[in-house]
Every structure is written in structure tokens, then in C-alpha cells.
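Undergrad:
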Ligand SMILES: [Zn+2]
Ligand SMILES: [Zn+2]
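In this note's numbering, the protein residues as written are 34 to 386.
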């Protein structure tokens with residue numbers, strides 16, 4: 034059995050998103066029904082609906098940065114209760130049996146974790162999973178996270194994707210006091226990386242092409258700003274970074290950044306890069322045992338740790354809260370890189386279809 038809820042969907046790869054009515058499953062034993070209040074707009078939502086990452090099924094409701102209150106719980110739910118403020122991120126199910134799942138790395142599940150939107154839904158045959166631009170969602174309790182009460186819930190939403198995407202590699206590469214950490218790209222991901230790395234006690238350097246982002250990067254918690262098109266400044270910063278977290282969105286020349294790494298430093302990529310058109314100068318890696326690495330969101334345990342850490346340190350995203358009728362304009366502005374730093378939809382404004 035199912036029930037219906039209001040949502041905003043893409044009908045194809047070209048038209049504007051519009052209001053729609055979608056079905057959600059009735060609660061299974063370990064399900065939580067969430068009244069969604071806020072949904073962040075992630076750049077990957079846009080890539081998905083535009084078909085940039087392959088063909089999608091339509092209609093498609095994007096959104097994997099979800100915050101709301103628990104409205105109902107299944108008979109077997111023990112970890113959440115009605116009224117709790119909770120969040121949902123990029124994944125909503127995994128096999129639970131592979132080595133990765135057994136080690137709290139559901140995001141790297143050998144069988145592939147179920148995505149919050151756009152995947153064939155195993156619990157609602159014939160449907161695809163539909164995401165957070167909606168007023169209600171049903172999620173297995175393990176994939177529902179507790180949101181700290183002291184944080185602005187709208188500004189928490191982007192932590193569920195952008196936050197964990199940056200927090201997890203900072204933790205994995207043991208960022209902390211005594212380390213110099215670069216954050217390349219000061220956007221939706223990068224602004225959170227700066228806040229987290231700063232709170233972890235590292236010396237944080239914002240790496241940006243744009244002089245206009247310098248002041249705001251310092252305000253976010255960067256100790257320094259390095260303008261990457263300033264050849265003299267880049268030369269003076271060679272061999273000094275233990276970790277550079279690259280949130281740069283696409284194909285880019287990594288060589289100038291790898292020159293900045295210290296002995297055994299690591300350049301960690303979290304932006305979605307497909308074809309590389311700039312050849313890597315491998316001697317740059319060999320001579321000082323440097324690494325290039327990648328990282329993809331985080332497991333559920335670590336995502337909860339990220340939210341708890343955000344609560345302790347008062348970290349949320351810098352957002353523009355918008356109504357449902359502004360989503361299409363927001364998409365254009367994200368593509369034009371004209372947002373500081375994340376749009377969040379007030380889902381109460383979603384109209385009836
Ligand atoms: Zn995302
Ligand atoms: Zn698994």
C-alpha cells in the first residue's frame with residue numbers, strides 16, 4: 034500500500050521542474066516516515082535531471098539533503114521516535130552483509146548503495162526512488178540521522194551531502210592541529226570543508242582563482258587565502274600542504290596543486306571529474322612520494338559523527354532559503370556559480386499538482 038505526497042519533479046532533461054503528486058510506501062517494520070521541511074539543492078541534482086551522468090527515469094524528484102521531523106515509526110524502530118528532528122542524505126539502503134557494510138562504510142557497499150533518488154526502488158516495485166523536493170519520505174531507520182537541536186535545521190540540510198563529502202576525507206587523512214590543509218574551490222562543498230578543517234584545528238588555506246572569494250574565505254575560518262592564478266604566490270607555497278581537498282567541480286589541471294603538496298602529501302578529489310584532459314606530470318608524485326586520492330560521501334556512522342561534530346562546533350552551511358517556485362531560477366544560478374553557498378527549499382511551499 035502507498036500514500037501520496039506533494040513533490041517537485043523533472044519530467045525530462047530539458048523542461049523546468051514542476052509540482053507533481055508522488056507515491057510513498059506505507060511503513061515497513063523498520064521504516065521511519067519523515068515530514069520533510071527542508072531540502073538542499075546539490076549540483077548533482079542538476080547533473081542528474083539534465084542526464085549528464087546517463088539516462089534517468091522520469092518523472093524524477095531530486096534531493097538528497099533532507100531535514101524534517103519524524104511523523105510515524107514502524108513497529109520495529111528503536112533508534113528514532115515521533116517528533117525527532119532528523120536528516121537523510123545521499124543513500125537510503127545497502128546490502129548490510131558485505132565487508133564495507135559490516136565496517137560502517139555503506140557508501141562503498143560492494144553491491145552499490147541505494148540512492149535517495151533515481152534508483153529502482155526495491156521496496157516499491159515498478160517505481161524509482163524519489164528524493165527530497167517533497168513533503169514526506171519513508172526511509173529505513175538505519176539511514177535516518179539525528180540532527181542536533183542547537184543548529185538551524187534549514188542550514189543543516191546541506192550537511193547531509195556537501196558536509197559529509199568533505200568531513201569524511203578530512204577525517205580519513207587525519208586532519209588536525211599541526212597540519213596545513215588546502216581547500217581548492219570555495220563553493221557549496223569548499224565552504225564547509227573550510228569550516229570543518231578549521232574546527233579540527235588545522236591551518237587552513239583557501240585555494241581559489243577568485244580574489245572576490247578571499248574575504249569570505251577568511252570569514253569562514255581560513256587562516257590564509259592563496260590565489261591560484263598568482264604564479265609568484267603559487268611558487269612560494271610549493272611543498273607545504275599535508276592535504277589538499279579538491280572540491281573543484283570538473284576537469285582541471287591538477288599539476289599546479291600537486292606541486293603545493295609537502296612530502297607524502299595527498300591531493301583528495303571529491304568533485305565529479307569524468308574525462309581528464311590535462312595529463313598528469315607523474316614525476317611530481319614520485320619525487321616526494323605524493324598521492325592522489327578520491328572519496329565519496331561517508332558511511333552512516335561517520336555521517337552521524339559529522340552532524341554531532343557540527344552541533345558541538347556550531348557548524349552549518351551558509352544558505353539562501355527559497356520557495357518551491359524559485360527552484361528553476363536556483364538551478365540556473367547554481368550552474369552560473371552564483372550562490373553563497375547553497376540553496377535550500379522550504380518544502381512547505383510546494384503547491385498541489
Ligand atoms: Zn549531493
Ligand atoms: Zn554492502
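Ideal Cβ placement from N, Cα and C applies to all residues, glycine included.
1) Classify residue 95: buried if its beta carbon has 16 or more other beta carbons within 10 angstroms, exposed otherwise.
2) Leaving aside the five residues before and after residue 234 along the sequence, list all residues of the same chain whose C-beta is less than 6 Å from its C-beta, in chain order.
3) For residue 149, name the three-state secondary structure that DSSP assigns.
4) What span of residues does the alpha helix (DSSP H) with residue 342 cover, start to end?
5) Give the range of the beta strand (DSSP E) segment to which residue 377 is assigned.
6) Assign residue 311 to buried or exposed, taking buried as 16 or more other Cβ atoms, counted over all protein chains shown, within 10 Å of its Cβ.
7) Please go through the same chain and pick out, in chain order, the residues whose beta-carbon is closer than 7 Å to the beta-carbon of residue 140, but skip the five residues on each side of it.
8) Give me the residue from 304, 36, 247, 189 with the minimum Cα distance to residue 342.
9) Could you check which residue in 271, 242, 253 has the C-alpha nearest to that of residue 263?
10) Could you name the residues, in chain order, whose CB is less than 7 Å away from a heavy atom belonging to ligand 2?
11) Based on the DSSP output, what are the partners of residue 67 in its beta bridges?
12) On the DSSP bridge assignment, give the partners of residue 6 in chain order.
13) Just the C-alpha distance for residue 39 and residue 348, rounded to the nearest angstrom, thanks.
14) Specify, as a first and last residue, the run of the alpha helix (DSSP H) that residue 249 falls within.
15) Please tell me whether residue 165 and residue 69 are closer than 8 Å, where the distance is taken between their beta carbons.
16) Quick check: is any heavy atom of ligand 1 less than 7 Å from the C-beta of residue 3?
17) Just to confirm my understanding: we take residue 228, look at its own chain, exclude 5 residues before and 5 after, and list those with CB closer than 7 Å. What are they?
18) Just reading off the alpha helix (DSSP H) that residue 76 is part of, what are its end residues?
19) Which of helix, strand or coil does DSSP assign to residue 133?
20) Measure the alpha-carbon distance for residue 222 versus residue 200 and round it to whole angstroms.
21) One question on the structure: do residue 19 and residue 302 come within less than 8 Å of each other, judged by their Cβ atoms?
22) Relative to ligand 1, is the shortest distance from any of its heavy atoms to the C-beta of residue 102 smaller than 7 Å?
23) Are the Cβ atoms of residue 345 and residue 376 separated by less than 8 Å?
24) What does the alpha-carbon distance come out to for the pair residue 207 and residue 231?
25) For the alpha helix (DSSP H) containing residue 324, name the first residue and the last one.
26) Quick check: the Cα distance between residue 367 and residue 52, rounded to an integer number of angstroms?
27) What does the Cβ neighbour count give for residue 163, buried or exposed, with the cut at 16 atoms within 10 Å?
28) Are the Cβ atoms of residue 193 and residue 129 separated by less than 8 Å?
29) Between 225, 291, 275, 216, which lies nearest to residue 259 when the distance is taken from Cα to Cα?
30) Provide the residue span of the beta strand (DSSP E) that contains residue 200, from first to last.
31) What residues in its chain sit with their C-beta under 7 Å from that of residue 289, if we drop five residues either side in the sequence?
TA: Looking at the atomic coordinates:
1) Flag for residue 95 reads buried.
2) So the qualifying residues of the chain are 209, 210.
3) Coil at residue 149, not helix or strand.
4) Element bounds for residue 342: 333 to 346.
5) Counting along the chain, the beta strand (DSSP E) containing residue 377 begins and ends at 375 to 379.
6) Per the 10 Å Cβ criterion, exposed.
7) Only 124, 146, 329, 330, 331, 332 meet the Cβ criterion.
8) Its Cα nearest to that of residue 342, the residue 189 stands out among 304, 36, 247, 189.
9) Sorting 271, 242, 253 by C-alpha distance to the C-alpha of residue 263 places 242 at the top.
10) Residues with a Cβ closer than 7 Å to any heavy atom of ligand 2, in chain order: 127, 128, 129, 130, 131, 133, 134, 139, 142, 143, 144.
11) 103, 170.
12) Here the chain covers residues 34 to 386 and nothing more, so residue 6 does not appear.
13) CA-to-CA, the gap between residue 39 and residue 348 works out to about 30 Å.
14) Membership of residue 249 in the alpha helix (DSSP H) is indicated by the continuous run 247 to 253.
15) Taking a C-beta distance under 8 Å as the contact criterion, residue 165 and residue 69 qualify as a contact pair.
16) Residue 3 lies beyond the residue range present for the chain, which begins at 34 and ends at 386; the question has no answer from this structure.
17) Answer for residue 228: 253, 254, 348, listed in chain order.
18) Residue 76 -> alpha helix (DSSP H) spans 76 to 82.
19) In the three-state scheme derived from DSSP, where H, G and I count as helix and E and B as strand, residue 133 is classed as helix.
20) Using only the alpha carbons, I get a separation of about 10 Å.
21) What the structure shows of the chain is the stretch from 34 to 386, and residue 19 is not part of that stretch, so it cannot be assessed.
22) Every heavy atom of ligand 1 is 7 Å or more from the Cβ of residue 102, so no.
23) No.
24) In a straight line, the C-alpha of residue 207 is about 13 Å away from that of residue 231.
25) From DSSP, residue 324 is part of no alpha helix (DSSP H) but of the beta strand (DSSP E) over 324 to 327.
26) For residue 367 and residue 52, the gap between their C-alpha atoms comes out near 20 Å.
27) Burial of residue 163 is indicated by the presence of at least 16 other C-beta atoms within 10 angstroms of its C-beta.
28) Not closer than 8 Å, so no.
29) Looking at 225, 291, 275, 216, the one whose alpha-carbon comes closest to that of residue 259 is 216.
30) Per DSSP, residue 200 is not a residue of any beta strand (DSSP E); the alpha helix (DSSP H) it occupies stretches across 195 to 205.
31) So the qualifying residues of the chain are 261, 267.
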